[in-house]
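Taken in sequence, the protein lines are chains A, B and C.
Per the working numbering, the first sequence runs over residues 580 to 922.
Per the working numbering, the second sequence runs over residues 1473 to 1800.
Per the working numbering, the third sequence runs over residues 95 to 410.
Glycine included, each C-beta is placed from N, C-alpha and C at the ideal position.
All values derive from a computational prediction rather than experimental measurement.
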Amino acid sequence: MGRYIVRRLLQAIPLLLIISVILFILANEMGDPLASFGGRRRIRAEDRARLARQLGLDRPILVQYVVWLVGNDWMGVDTDGDGVADARGARRGILRGDFGTSFTERRPVLEIIRERVGNTLLLMLTSEIVILIFSLAIGIYSALRQYSTLDYAATAFSFIGYSMPVFWLALILMYIFAVNFKRWGLPYFPTVGMYDLAVGPTVSQILWHLALPVATISIISIAGYSRYVRAQMLEVINQDYIRTAWAKGLPRRTVILKHALKNAALPLVTILGMDLPLLLSGAVVTESIFAWPGMGRLFWDAAQDTDIPVLMGILVIISTLVVLFQIITDITYTFLDPRIRYD
Amino acid sequence: MSPLLEVRDLTTRFYTLDGVVCAVNGISYTLEEGETLGIVGESGCGKSVSVLSLMRLIPEPPGRIVAGEALYRGRDLLRLSEEEMQQIRGREIAMVFQDPMTSLNPVFTVGDQLTEPMRLHLGMSRKEARERAAELLEMVGIPRAAERLDDYPHQFSGGMRQRAMIAMALSCSPSILIADEPTTALDVTIQAQIVDLVKALRDRLGMAVIWITHDLGVIAGIAERVIVMYAGFIVEEGPVGEIYGNPRHPYTLALLASLPRVDRTSNQRLAVIPGLPPDLLGLPPGCPFTPRCSYARPECREKNPDLQPVHSGHRVACWVDVTTGRLR
Amino acid sequence: MATTEVTWEVFEEQAERPPLTPAQVAWRRFRRHKMALAGAGILIAIFLYIFIGSLVFSEADANYNDLSVRLSPPSWEHPFGTDTTGRDILARTIYGGQISIIVGVLAVVVSLIVGTLIGAIAGYYGGVVDSILMRFTEAVFNIPQLFLLIILAKMFGGKIPTFQFLGRSFSGSVIVIIGVIGLTSWMYLARIVRANFLALREQEFVTAARCAGARNTTIIFEHILPNSIAPIVVAATLDVASAILSEAYVSFLGLGVQPPTATWGNMLDQAYHHLETEPWMWFFPGMLILLTVLGINFLGDGLRDALDPRALAETG
């Protein structure tokens, strides 16, 4: 087992390097990073050239990548932008924990991300829990009561939910639970931010503000997963070993919740792990709409400003999370399924 | 004295996307205490469905038992509540299935699955059940049984899994053991071992056995009486010697002709029944074997014949007397 | 209870003939799949809406600004209301729908070409080629799609000028969006194709073709691809739905197809600012996206069930 984990981690390294090369090239091609450098002022052509030299943006892309990766404290840099290398660089590279400095905010990227990462995790973890509970409950129920009214309702819900654009669902939820609840004099849900500035970040405020974003992210995922759980459950229910369980005279509860559920829930672990990228995509839109100060929102702002260090920082952290999460998923799976042993 | 099990007019259908499948069409038979009954036929002729119906293990939907009764010690199994049925399954009537590779739950240990029925039906403690489980595994011929209880099914070979299934089925000393093609998925040498094992256990424990197979050769060694099924109907029924020595239905004849025999000379080819069994989407007005039958006559298309006695305990459903080739 | 009597003709057909071909079974299953039929129905309705609609309204109507009626709620004259510059939303959903669907379909064509090529090459040649291509595929797979979409849409945005096609002018951003969506969604297809190739290339008919002297490309395109077509068809159908959604996301974030060319996605661009007071501006385009995607998902689900090889062995 230990060897398997080590092997997987070692395999992740080249994968992450390939991902970072692809992303670095794309991010540097996506627009002019100097366009919004230092606020919205227009910059003169000489200043541009000087800035580009100072930031190392005039170097070949692969050199820039190496600097980003391992730093530039081993090579000469042009600090005053006159075209002559005059000092040792000060960047230590992402491998040594230096994510660089934001072009727009002139602050270390890691500091900016650190402020946001907790908020995104709060949103994602809450959503994951809600998703897991509801999709299991709905999926199992529909499978057992196949072709009942509630099964049809759940099927309809899941197809509609699955086919809905995230942001449109967010708009509908806002329109009903914020706009119209307010009009009708009901307690209405907030649509912006994490807490009321007048009250401050209390637990109840944050929960209240979490409601709509979590609902938005969860509804769409629950729609997909409950279908998946249902299909898994139906497939498992028709397996020979379930027939064996019935033939032993076991009561329904034992057959379903012991023999069927463990087999049906196993693949869900994998799917949850594999769909993390999807969930994070949903978070970008959701965070943008609800002005939730998380990484998704940060990414969107950074993309608009072509703030490459921030973009790369977020993307690297997210890709690493995705890859790590897949390894964790596979390992969890081996603990749950006795048939699989990686040696 | 009334028989241990009496099945009357059992009819089971499946309502599928492709249409209504008439899997079992009004079959009747009896099973005496301690008797071994063989049910023979090609795959898809309703053998398995007929016994799964008894156990009420037909998935509903799409399946449905539309008519008939099955009296077990005077109680109609088809009309018991689900809870009452749970008391019967595993306790009174136990089953062994065709494919040992898929019949055990892959994510629980063999011991866990083996002790389940005993703890449920006999109220044994975990410890008692475990001890008994080890004895049972020993009895079905698994070496170092006590150590293997904590193994998962995938750590067992196919033959061992089938032995474990048999141990599980016998754990509560049922009065009927239904074996649904228990040797089909196994190697030939293992097949013989399993047949011998069930025979020995039957003689020791005195239970009745319903043995389903498509292989007439297997059944010769174990059954006392044989039922031949085709397209969801019983086409012939009789003592095992009669069926082999004096077969009266063209289908039984064809099945026997397709058996390899040691006394056949090597240049004789095995006979093959032409065509395939119908997929049972709806029933024809006459005898369903007509299209494949070498004795078929125009009358066969009109009406499906009932089972008629030809000897004591030997009944056949055919318009034609195969000994003469003429209508009865 | 349904009658189960059949005629001898039907019965003998069953008994004597080999079972139905997979295609026949698939068609029979598809016809009886209620959701698939509902999906087909919804899609036909949407097609009629956008094609018959374009006979009633001209594209000029869809782009006609009338500031005097800006932001007016649904009425007889403007059943879906008007937008910020007084354009009729009904007419815009008709032309927007055409673009959205074209974008969805063509994006899948792009991803099919890329995915099939990469998957086929990797699966057929195996070895080093396979490892390199699959590493690359896995890498792209691990980047959340929307992040890639945003980066690529910004990267190519504004680089292709407006062009004329079939007498209509299209914003160059249409091409950009098709390419961008196609280039971010081929990975799954590539994996299916590769897996099928790996499984199939060892089979006898491929060996036979190779012994007969067939060239690699002949084997790939004439012998292997047709055998992996079913999962590709299903995946591609469902991908059209996600492509339409992707277009909507990118457009919602303002990086999609640029006005005046309407799409269902970019009609929602400013929705947030009109959330409270002009709900008609975002409700109708969103509803049409939902219906179209729903229809495609139903259809894809039906196709999957119809083409599922395991379904063939189900009865019997």
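* **Range covered by the alpha helix (DSSP H) that runs through residue 1711 of chain B** => Premise fails: residue 1711 of chain B lies in the beta strand (DSSP E), 1705 to 1711, not in any alpha helix (DSSP H).
* Measure from the C-beta of residue 1560 of chain B to each C-beta in chain A and report whether the shortest distance is under 8 Å. => yes
* Should residue 170 of chain C go down as buried or exposed, given a rule of 16 or more other Cβ atoms within 10 Å for buried? -> exposed
* Cβ-Cβ separation, residue 1486 of chain B to residue 1534 of chain B (assumed contact under 8 Å), whole Å -> 5 Å
* Please look up how many angstroms separate the CB atoms of residue 892 of chain A and residue 698 of chain A, rounded, as I've assumed it's under 8 Å. => Rounded, the Cβ-Cβ distance is 16 Å, inconsistent with contact.
* **Beta-bridge partners of residue 258 of chain C, as assigned by DSSP** => C/263
* Asked: residue 922 of chain A CB to nearest chain B CB: under 8 Å?
  -> The pLDDT assigned to residue 922 of chain A is 45, lower than 50, so where the model puts this residue is not dependable; a value taken from the coordinates is nonetheless given after this. Not closer than 8 Å to any Cβ of chain B, the Cβ of residue 922 of chain A fails to qualify, so no.
* Asked: Name the chain A residues that come within less than 9 Å of residue 1800 of chain B, Cβ to Cβ?
  -> The premise fails here: residue 1800 of chain B is roughly 41 Å from chain A at the closest Cβ pair, so nothing lies under 9 Å.
* Under 8 Å by beta carbon: chain C residues contacting residue 868 of chain A -> 366
* On the premise that residue 1680 of chain B lies in contact with residue 1647 of chain B, defined as a C-beta separation below 8 Å, what is that separation, rounded to the nearest angstrom? -> About 6 Å separates the beta carbons of residue 1647 of chain B and residue 1680 of chain B, which is inside the 8 Å limit, making them a contact pair.
* Asked: With 8 Å set as the bound, which would you pick, yes or no: does the beta-carbon of residue 382 of chain C sit closer than that to a beta-carbon of chain A?
  -> no
* Alpha carbon to alpha carbon, how far is residue 819 of chain A from residue 260 of chain C? Give it in angstroms, no decimals. => 59 Å
* Asked: Name the chain A residues whose beta carbon is nearer than 7 Å to that of residue 1588 of chain B?
  -> Using a Cβ-Cβ cut-off of 7 Å, residue 1588 of chain B is close to 827 and 829 of chain A, given in chain order.
* To do: Just mark residue 409 of chain C as buried or exposed, buried being the case when its beta carbon has 16 or more other beta carbons within 10 Å.
  => Residue placement at residue 409 of chain C cannot be trusted, given a pLDDT of 33 that sits under 50; what the coordinates show is reported in the next sentence. Burial call: buried.
* Asked: In terms of residue numbering, what span does the beta strand (DSSP E) encompassing residue 1800 of chain B cover?
  -> Counting along the chain, residue 1800 of chain B falls outside any beta strand (DSSP E), and DSSP gives it neither H nor E.
* Check the Cβ-Cβ distances between residue 846 of chain A and every residue of chain B, and say whether any is below 8 Å. => Answer no: the Cβ-Cβ gap between residue 846 of chain A and chain B never drops below 8 Å.
* To do: Select from the stretch 1606 to 1629 of chain B all residues with a C-beta closer than 8 Å to any C-beta belonging to chain A, and list them in chain order.
  => 1624 and 1626
* Measure the CB-CB distance between residue 864 of chain A and residue 343 of chain C and report whether it falls below 8 Å. => yes
* **residue 709 of chain A (DSSP reduced to helix, strand or coil)** => helix
* Whole angstroms is fine: what's the gap from residue 406 of chain C's alpha carbon to residue 324 of chain C's? => With a pLDDT of 40 at residue 406 of chain C, under the threshold of 50, the modelled position of this residue cannot be trusted, and the question is left open.
* Contact set for residue 1674 of chain B: own chain, Cβ-Cβ below 7 Å, skip 5 residues either direction -> Around residue 1674 of chain B: 1508 and 1681.
* To do: Determine the chain A residues that contact residue 156 of chain C at a beta-carbon separation under 9 Å, and present them in chain order.
  => Chain A residues near residue 156 of chain C: none, gap ~21 Å exceeds 9 Å.
* To do: Using a Cβ-Cβ cut-off of 8 Å, state whether residue 819 of chain A counts as contacting chain B.
  => yes
* Asked: When Cβ atoms are compared, which residues of the stretch 710 to 740 of chain A fall closer than 9 Å to chain B?
  -> 725 and 726
* To do: In angstroms with no decimal places, state the Cα-to-Cα distance between residue 359 of chain C and residue 710 of chain A.
  => 27 Å
* Okay, do the stretch 680 to 696 of chain A and the stretch 866 to 881 of chain A touch, 3+ Cβ pairs below 8 Å being the bar? -> Because the criterion of three Cβ pairs below 8 Å is met, the stretch 680 to 696 of chain A and the stretch 866 to 881 of chain A touch.
* Asked: Buried or exposed: where does residue 96 of chain C fall if 16 or more other Cβ atoms within 10 Å of its Cβ makes it buried?
  -> Legend: pLDDT at residue 96 of chain C = 40, less than 50; position of this residue unreliable, value from coordinates given subsequently. By the 10 Å Cβ count, residue 96 of chain C comes out exposed.
* Taking only beta-carbon positions, decide if residue 401 of chain C is within less than 8 Å of chain A. => no
* What in chain B is Cβ-close to residue 824 of chain A, meaning under 9 Å? -> Those within 9 Å of residue 824 of chain A in chain B are 1577, 1585 and 1588.
* Asked: How would you list, in chain order, the residues of chain A whose beta-carbon sits under 8 Å from the beta-carbon of residue 376 of chain C?
  -> 747 and 750
* **Start-to-end residues for the alpha helix (DSSP H) that takes in residue 899 of chain A** => 887 to 915
* **Test item: CB-CB of residue 1630 of chain B and residue 1567 of chain B under 8 Å** => no
* Asked: Residues in its own chain within less than 7 Å of residue 334 of chain C by CB, not counting five upstream and five downstream?
  -> 198, 199, 202 and 390
* C-beta neighbour in chain C for residue 799 of chain A, strict 8 Å -> no
* Any idea which residues DSSP pairs residue 1683 of chain B with across the strands? -> B/1510 and B/1651
* Asked: Is the beta carbon of residue 243 of chain C less than 8 Å from the beta carbon of residue 345 of chain C?
  -> no
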